[in-house]
Amino acid sequence: MSDEHSARPPEGMRTLPRGDSAQRKGAQMTAPVVEVAALRTRLDGRWVHDGVSFTLRPGEIVALIGGSGSGKTVLLNQLVGLRHPDGGQVKLFGEDLARMGVEALQALRRRFGLLFQDGALFSAMRVAENVAAPLREHLPWLSAPLRDEVVDLKLALAGLPVDAACKMPSELSGGMRKRAALARALALEPELLFLDEPTSGLDPISAREFDSTLRVLVDSLGLTVLLTTHDLDSLWGLADRVIVLFEGKVIADGPVREVARIEHAWIRSYFDTRALE
Amino acid sequence: MSNAASPEPCCHLELGADGQVLRLRGDWTLARLPELQARLHALAIDPLQPLQLDASGLGALDSAGANHLLSHLERLGVPFPNLHLAGFSAQGLALLNLVAGRRGGVAPHSRRRGRRGLRQVVGWHAFDIARGTRSGLAFIGQTGQALGHLLRHPGLVRWRELFVQLEMVGLRALPIVMLMSYLIGVVFAYLLGIQMQKFSANHLVVDGVGIGIAREMAPLITAVLMAGRSGAAFTAHLGAMKVNQEIDAIVTLGLSPFQVLVLPRLFAIVLMLPLLTFVADVAGFVGAAHVAAWHLDIPTASFYDRLRDVLPLNTVLFGLEKTPVFAAAIALIACHSGFTVKRDARSVGLHTTATVVRSIVAVILIDAIFAVAYPEIEP
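Protein sequences appear in the order of chains A and B.
Taking the working numbering as reference, the numbering of the first sequence is continuous, increasing by one, and the terminal residue is 259.
Taking the working numbering as reference, the numbering of the second sequence is continuous, increasing by one, and the terminal residue is 409.
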C-alpha cells in the first residue's frame, strides 16, 4: 500500500470479507458472530438472567422475545459492553468482552451498530450531522465531500427522504427518527446490528416498511441482526430464528414456525394473541 | 494525489476489442475511500465506449465503496444500467443493485446553511427578544390569572407540592445561606475594622456592618443564591418535564400547569426568601461580632448593644421588604424558562443557564430600583 494514507487504520479490520459468498459460507460453518454462554445477571436482588446461552451465525436475523421485564434490553446492553454480566461469558466475533482492554473494545465497537429503542439521536445535531458523527470520530481523515457522500448514502439506505437530512431530530416523526437512528447505526459499515424494539411506536404500515428496509439491507449488506421485539408481524415476517427468554432462561430457540408450536404456557399465550387470524 | 506505483492498485482500466474493462482489485471499503477516490478519478474512462466492471480480483465490497464507484461512473455519464458486470458474487450484485436503487439525488452541499450576515444576525436577535418579551408577558398574565382563580377557590391550593417546594427551597438552603452570610459578615467587619482602627473608632464598625448587611448584603446574597440554586432547579425540572411531555399530560388530565407547577414554586420562594434573608441577617451579625471580639476588642455584648442602638428596625424591614419582589422575579423567570424548553437535551441546558443569568440580573436591577426609590438610610 502507498504511504500517502498512513493515517489509514491497519489492514484486516474486517475478518469477514464482503462480496465473496464462498468465503462467507465457509465462515458460517466455523465462526459464530455472537456467543453468549451461561450468562447471569442480578438486578435489584433478583436473577434476571440465570444461565442464558445462545449463538448468532453470520447473515441471520434473530429475534429475542420475552415478557416485559424479562431483561431483553439489559441483555442487549451486555452484548454491546455497556453493562457487565454478573456471570458467564459474552463473545463478539470470537472475542471475550470481559477480557478486552478499553482500546480493543473501542475497535470492536466499530464493527457493530446499535439502534436504541427511541433512537437516541443527538438532539443538538441535525440528522445528517448525527449520521456523520461516528464517521468524524472513527475516520477523521475522510474528506468532507467523501463523508457527505457516505452520509447521503446511509440516509437513502435507511429510507429517509432527501429533505430530512437538515432537520433536527425533534422535528421528525417516530418512524423517521428510527430510520435516522438506523442510518447512524449503519454509518461505519457494521457487520452486526443490535436493534432494541425497532418497530415499537410505529404504525403497522411504517413498521412493515421498516421491516422490509431491514430485510433488504441484511440480504445485500450481509449483516447479522439481533433484535428484541413485541411485534408479532416482525417476528413472522422478518426473523429467521426466535429466542424466547422466560424466567431468566432461554426456553426456546428456533425458527418461528417451530417455536410457535411449543407447548409452554407463556409461549402459547404470546402466540395465541394472534390465533384468530 | 499521485498515482504512485503500488503492489496492487485497486482498479485499472484495460481497452479491449469490445470496449473498456475496469478491473477492481483488493478491498473497496469505507476505510479506503480516499485511496479509491484518488485512483478512480485518475482513470480516463470514456463514457461513449461500453464499460465492463470485472470483479474477479475484488476483495471486500461494502456499501460506501460500491456507492463511490457507481456515483463516480454516473457523474462521468455511465449510469448503472449501462454497465456490464462480470465476476461479482451474488452478494456483491445485491449490494450494487441496492445502492444503485436507493441512492437519492441529494447534492452533497444542499444541507449546508449559508453563513448569516450581520444584518440577519441582528434581525434574528431582535425577533428573538421581541418574541421572548411577548411570551414572558403572556406568562406573567397567565400566572396572575391562575393566582386570581386560586384566590376565588382557595380549595385548589396544592398543599403537598407547596410543602415539598418549601422544604427544597427553604429548609435545605439554610446551611449554605447561613455559611455564606456568616462569611460575608466576617469579611465586612474585618475590612471595615482595618479602616476604623486608623481613626481609633472601632465601635463604628457596628454601624457599618449593621446597615450594610441588613439593607444590602443579606438580601442580595440570599437572592443570588436562590437564583442559582432554586431558579436553576425550577427550570431544569420543568424543562425535563416538558421534554418528557409531562406538562402536556398535566393539561390533558384537565389540570392547569400553572396551578400544579408554577404557583407552588412561586409561593414557596416568595415565602422563604424573606425568612432566609432574616436568617442571613443574623448569621452575618454573628460573623461580624466574632471578628469584632477577636480583632477589634469589642466584647460581644457591647457589639449587640450598639447594634440595637444604631440599627433602626426600618432598615432591617426595608432589607426584608424587597426580597419577595426578588423571589417573584426569580420564580417567574425560572418557570417561564422551563416552560419554553424545546424537546431536546441541549435546550434544557441553555434555558437553565439563561435562567440563572437573567434572574441574577433581575435581582440586581430590582435592588437598584429600590435603592434609588428609597435613598434615605435613617428612618
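Glycine included, C-beta positions come from ideal geometry on N, C-alpha and C.
Since we're looking at a predicted model, the values are computed, not measured.
- Contact between the region 124 to 137 of chain A and the region 183 to 193 of chain A is not established, with fewer than three Cβ pairs separated by less than 8 Å.
- Residues of the same chain with a CB within less than 6 Å of the CB of E191/B, apart from the 5 flanking positions on each side, are P294 in chain order.
- At least one C-beta of chain B is nearer than 8 Å to the C-beta of S202/A.
- Using a CB distance below 9 Å, the part of the region 203 to 229 of chain A facing chain B consists of L203 and G204, ordered along the chain.
- The Cβ of Q67/B sits closer than 8 Å to at least one Cβ of chain A.
- G215/B places its beta carbon less than 8 Å from that of G314/B.
- In the three-state scheme derived from DSSP, where H, G and I count as helix and E and B as strand, V232/A is classed as strand.
- The CB of A263/B never comes closer than 9 Å to any CB in chain A; the least such distance is about 21 Å.
- By the rule that beta-carbons nearer than 8 Å mark a contact, W123/A touches chain B.
- Here the C-alpha atom of A102/A lies approximately 7 Å from the C-alpha atom of A163/A.
- Under the DSSP definition of a beta bridge, T206/A partners with L174/A.
- Three or more Cβ pairs closer than 8 Å define a contact, and the region 265 to 284 of chain B falls short of that threshold against the region 147 to 165 of chain B.
- Shortest Cα-Cα distance from G379/B to any of H267/B, A359/B, A231/B and V290/B involves H267/B.
- With a beta-carbon spacing of about 7 Å, D84/B and L54/B fall inside the 8 Å limit used to define contacts.
- The C-beta of S105/A comes closer than 8 Å to at least one C-beta of chain B.
- Look at H98/B: its C-beta is under 8 Å from a C-beta on chain A.
- By the CB criterion at 8 Å, T210/A and K54/A fall inside the cutoff.
- Within the model, the alpha-carbon separation for P184/B versus H381/B is close to 32 Å.
- Counting the other CB atoms within 10 Å of its CB gives H366/B a total of 16 or more, which places it among the buried residues.
- Exclusion of the five residues before and after F253/A leaves A242 as the residues of its chain whose Cβ lies within less than 6 Å of its Cβ.
- Separation of L103/B and L81/B (C-alpha to C-alpha, rounded to the nearest whole angstrom) is 10 Å.
- For T37/A, the enclosing beta strand (DSSP E) starts and ends at R28 to L38.
- Per the Cβ contact rule, the region 343 to 361 of chain B is in contact with the region 233 to 250 of chain B (3 or more Cβ pairs under 8 Å).
- In its chain, beyond the 5 residues on either side, A313, G314, V316 and G317 have a beta carbon closer than 8 Å to the beta carbon of Y212/B.
- Listed along chain B is no residue with a C-beta nearer than 8 Å to that of V113/A; the closest approach is about 11 Å.
- The residues Q79, P80, L81 and Q82, in chain order, have a CB closer than 7 Å to that of G49/B in the same chain once the five nearest residues on each side in sequence are set aside.
- Burial state of W189/B is exposed, judged by a 10 Å Cβ sphere holding fewer than 16 other Cβ atoms.
- Closest by C-alpha distance to Q289/B, out of L181/B, S86/B, R105/B and A156/B, is L181/B.
- In the three-state reduction of the DSSP assignment, K73/A falls in the strand class.
- Annotation: V129/B to G95/B spans about 10 Å, alpha carbon to alpha carbon.
- Residue burial is scored here from C-beta neighbours: G171/B has fewer than 16 other C-beta atoms within 10 angstroms and is therefore classed as exposed.
- Short of 6 Å from the beta carbon of A45/A, and not among the five residues preceding or following it, lie these beta carbons of its own chain, in chain order: L209, T211, L217, A221 and V224.
- The beta-bridge partner set that DSSP reports for H183/B is empty.
- The C-beta separation of R373/B from V273/B comes to about 5 Å, placing the pair in contact by the 8 Å criterion.
- Partner residues in the beta bridge of I47/A, as assigned by DSSP, are V226/A.
- Within chain A, no residue has its beta carbon less than 9 Å from that of D158/B; the closest one is some 17 Å off.
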